[in-house]
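A.B. asks: Positions 1289 to 1581 (this note's numbering) are the ones given, in order, by the sequence shown.
Here a beta-carbon is modelled for each residue, glycine too, at the ideal position from N, C-alpha and C.
My questions will all concern the structure given below.
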Amino acid sequence: MTFFNENSKYHDIRYRLLKFLGIFLTSLISLFFLVNTFPNFFIKLLRLPIGTIVLSTFFIFLPPSLIYLSYVDRPLCSHIFSNRFRLFFSVYHILILLGIALCMLFIEALIMESQLVLWPLSLETIRSWAIDIEKTYYYSLFKELLTFSNPIDFIWKGLCVLSLFPAIIEEIFFRGILQNLLVKKIKKPFIGIVITSMLFSLLHMRPYGSILLFGMGLLLGYIYFISGHIIVPIFIHFIHNSIICYAAFFQEGNCLDINRLLVKSIFPFIINRTFALLVKNTVYRLVYKIEKC
């Protein structure tokens, strides 16, 4: 079964794209009715520290992805998951992916530090509004999300709810479905990746972090495009979120300043682990050569 069959009207890319957008909008409308039908459940959910993440991941991005891939566009589902990713155990491949995740964090720190320059003076009012939203809502949200009471809480909330589930579901939604459809429709990969990244940024609804999320979307989109394997952006997205959670868990006082986390926890952690892996791999190769001789 081929991914695209231009001879069939059903398989025309325009209809696929419209169907996916229609399913997504229908899912949002259905969520609105669910919230009004079961208000107590959603109020309790949103009162939880992880409530916002659960709502966006499992109620906004997951349903349209499942419906579209399962019932509407099975050829695309086969295209996404049939490219079996060959597992590799080379330390250098793992270090490359870890390095990409680290570069993403480093770039994010630079962007957050240079937001004053990136926002033009003509948009100072909008910038102030975005900062107010960030301080009044997201700072308190991140404080709750990145506070872990014990190792089990860190594994469940940090590695699973905040890292693994969003990485899998968001990458399938944005890169696996939306980017594939846009790239095929526009026939210009760069424009398709840019549009997907813009939607990735907008749907996260963080005005002050929009530039940061757009850059993250560009990198993940380009990596998926050149690799052809959805597992690659999923892995990088997971490692990116996990490093932040790891640093917050071991940072005294659960520091929420991403720049301090990078300087005090993440960079030393990556450097130490990278050096340890390189030494371990070098020693292994030397021992192997000696035994072979």
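Let me know if Pro1352 comes out buried or exposed under the rule of 16 or more other beta-carbons within 10 Å of its beta-carbon.
C.D. replies: Numbered from its first residue, the sequence shown carries residue 1352 at position 64. Label assigned to Pro1352: buried.
A.B. asks: How about Ser1489 and Gly1509: are their beta carbons less than 7 Å apart?
C.D. replies: Translated into the one-based positions of the sequence shown, residue 1489 becomes position 201. Translated into the one-based positions of the sequence shown, residue 1509 becomes position 221. Between Ser1489 and Gly1509, the gap from beta carbon to beta carbon reaches 7 Å or more.
A.B. asks: Just tell me which of Ile1301, Leu1350, Arg1335, Pro1337 has its CA closest to the CA of Leu1319.
C.D. replies: The residue you call residue 1319 lines up with position 31 of the sequence shown. Per the Cα distances, Leu1350.
A.B. asks: Rounded to whole angstroms, what is the Cα-Cα separation between Ser1515 and Met1392?
C.D. replies: Counting from 1 along the sequence shown, the entry for residue 1515 is found at position 227. Counting from 1 along the sequence shown, the entry for residue 1392 is found at position 104. Whole-angstrom Cα-Cα distance: 18 Å.
A.B. asks: With respect to the alpha helix (DSSP H) encompassing Ile1443, which residues constitute its N-terminal and C-terminal limits?
C.D. replies: By 1-based counting over the sequence shown, the position of residue 1443 is 155. Neither: Ile1443 is in no alpha helix (DSSP H) and is coded neither H nor E.
A.B. asks: Under 7 Å, do Ile1368 and Gly1480 count as touching if we go by C-beta distance?
C.D. replies: Here residue 1368 corresponds to residue number 80 of the sequence shown, with the count starting at 1. Here residue 1480 corresponds to residue number 192 of the sequence shown, with the count starting at 1. Note that the C-beta distance between Ile1368 and Gly1480 is not below 7 Å.
A.B. asks: CA-CA distance, Leu1328 and Ile1338?
C.D. replies: Position 40 of the sequence shown, counted from the first residue, corresponds to residue 1328. Position 50 of the sequence shown, counted from the first residue, corresponds to residue 1338. Reading the sequence as shown, one finds Asn at residue 1328 and not Leu. Those two C-alpha atoms are separated by around 17 Å.
A.B. asks: Between the alpha carbons of Asp1441 and Ile1524, how many angstroms are there, rounded?
C.D. replies: In the sequence shown, the residue the question calls residue 1441 occupies position 153. In the sequence shown, the residue the question calls residue 1524 occupies position 236. Distance between Asp1441 and Ile1524, taken at the CA atoms: about 22 Å.
A.B. asks: According to the Cβ coordinates, are Ser1530 and Leu1447 closer than 7 Å?
C.D. replies: Within the sequence shown, the letter at position 242 stands for residue 1530. Within the sequence shown, the letter at position 159 stands for residue 1447. Against a cut-off of 7 Å, the Cβ pair of Leu1447 and Ser1530 comes out as a contact.
A.B. asks: Between which two residues does the alpha helix (DSSP H) holding Asn1529 run?
C.D. replies: As a first step, residue 1529 must be located in the sequence shown, where it is residue number 241. Taken as a continuous stretch (DSSP letters only), the alpha helix (DSSP H) holding Asn1529 covers 1519-1538.
A.B. asks: If you draw a straight line from the C-alpha of Gly1583 to the C-alpha of Val1482, how long is it?
C.D. replies: Past the boundaries of the shown model lies residue 1583; the chain is included only from 1289 to 1581, so the question cannot be answered.
A.B. asks: What is the rounded straight-line gap between the Cα of Leu1470 and the Cα of Ser1437?
C.D. replies: Position 182 of the sequence shown, counted from the start, is the residue given in the question as residue 1470. Position 149 of the sequence shown, counted from the start, is the residue given in the question as residue 1437. Going from the Cα of Leu1470 to the Cα of Ser1437 covers about 43 Å.
A.B. asks: Taking the alpha helix (DSSP H) that Phe1330 belongs to, which residues open and close that run?
C.D. replies: Against the sequence shown, residue 1330 aligns to sequence position 42. Where Phe1330 is concerned, the enclosing alpha helix (DSSP H) stretches over 1327-1335.
A.B. asks: Could you name the residues of the same chain whose beta carbon sits closer than 6 Å to that of Lys1476, not counting the 5 residues immediately before and after it, in chain order?
C.D. replies: Stepping through the sequence shown from its first residue, residue 1476 is reached at position 188. Within the same chain, Lys1476 has no close Cβ partners at all.
A.B. asks: Taking 7 Å as the threshold (C-beta atoms), are Lys1473 and Ile1311 in contact?
C.D. replies: If you number the sequence shown from 1, residue 1311 lands on position 23. If you number the sequence shown from 1, residue 1473 lands on position 185. Cβ atoms of Ile1311 and Lys1473: not closer than 7 Å.
A.B. asks: Could you name the residues of the same chain whose beta carbon sits closer than 7 Å to that of Val1323, not counting the 5 residues immediately before and after it, in chain order?
C.D. replies: Locating residue 1323 in the sequence shown gives position 35, counting from the first residue. Once the five neighbours on either side are set aside, the close Cβ partners of Val1323 are Phe1330.
A.B. asks: Pick out whichever of Leu1313, Val1449, Phe1513, Leu1507 has its Cα sitting closest to the Cα of Tyr1356.
C.D. replies: Against the sequence shown, residue 1356 aligns to sequence position 68. When only C-alpha atoms are compared, the closest one is Leu1313.
A.B. asks: Would you mind sorting Asp1361 into buried or exposed? The rule is 16 or more other CB atoms within 10 Å of its CB.
C.D. replies: Working through the sequence shown from its first residue, we reach residue 1361 at position 73. Asp1361 is buried by the Cβ-count criterion.
A.B. asks: For Lys1445, which of Leu1354, Tyr1512, Leu1306, Ile1532 has the nearest alpha-carbon?
C.D. replies: Counted from its first residue, the sequence shown places residue 1445 at position 157. Nearest option by C-alpha distance: Ile1532.
A.B. asks: Please determine, among Glu1432, Tyr1534, His1492, Leu1305, the residue with the shortest C-alpha to C-alpha distance to Leu1364.
C.D. replies: One-based indexing of the sequence shown puts residue 1364 at position 76. Comparing Cα positions, the closest option is Leu1305.
A.B. asks: Tell me which same chain residues have a C-beta within less than 6 Å of the C-beta of His1492, skipping the five on either side of it?
C.D. replies: For the purposes of this step, residue 1492 is identified with residue 204 of the sequence shown, where counting begins at 1. Only Leu1501 meet the Cβ criterion.
A.B. asks: For Ala1455 and Phe1526, what's the separation of their Cα atoms in angstroms?
C.D. replies: In the sequence shown, the residue the question calls residue 1455 occupies position 167. In the sequence shown, the residue the question calls residue 1526 occupies position 238. Going by the C-alpha atoms only, they are around 5 Å apart.
A.B. asks: Just mark Tyr1425 as buried or exposed, buried being the case when its beta carbon has 16 or more other beta carbons within 10 Å.
C.D. replies: Counting from one through the sequence shown, the residue named residue 1425 turns up at place 137. Around the beta carbon of Tyr1425, fewer than 16 other beta carbons lie within 10 angstroms, which makes this residue exposed.
A.B. asks: Among residues of its own chain, excluding the 5 on either side of Leu1450, which ones have a beta-carbon nearer than 7 Å to its beta-carbon?
C.D. replies: If you number the sequence shown from 1, residue 1450 lands on position 162. Only Ile1341, Leu1433, Asn1529, Cys1533 meet the Cβ criterion.
A.B. asks: Answer yes or no: do Ile1421 and Pro1495 have a C-beta to C-beta separation smaller than 7 Å?
C.D. replies: The sequence position of residue 1421 within the sequence shown is 133, counting from 1. The sequence position of residue 1495 within the sequence shown is 207, counting from 1. In this structure, the beta-carbon distance from Ile1421 to Pro1495 falls below 7 Å.
A.B. asks: Is Gly1464 helix, strand or coil by DSSP?
C.D. replies: By 1-based counting over the sequence shown, the position of residue 1464 is 176. In the structure shown, Gly1464 sits in a helix (DSSP, three-state: H, G or I).
A.B. asks: Going by C-alpha distance, which of Ile1388, Ile1317, Ser1428, Ser1416 is nearest Arg1335?
C.D. replies: Reading the sequence shown from its first residue, position 47 is the one you call residue 1335. Checking every option, the nearest Cα to that of Arg1335 belongs to Ser1428.
A.B. asks: Considering only the alpha carbon of each residue, which of Phe1347, Lys1332, Phe1513 lies closest to Phe1321?
C.D. replies: Counting from 1 along the sequence shown, the entry for residue 1321 is found at position 33. Ranking Phe1347, Lys1332, Phe1513 by Cα distance to Phe1321 puts Phe1347 first.
A.B. asks: According to the neighbour-count rule (16 or more other Cβ atoms, all chains shown, within 10 Å of its Cβ), is Ser1416 buried or exposed?
C.D. replies: Here residue 1416 refers to the residue found at position 128 when the sequence shown is read from its first residue. With fewer than 16 other Cβ atoms within 10 Å, it is exposed.
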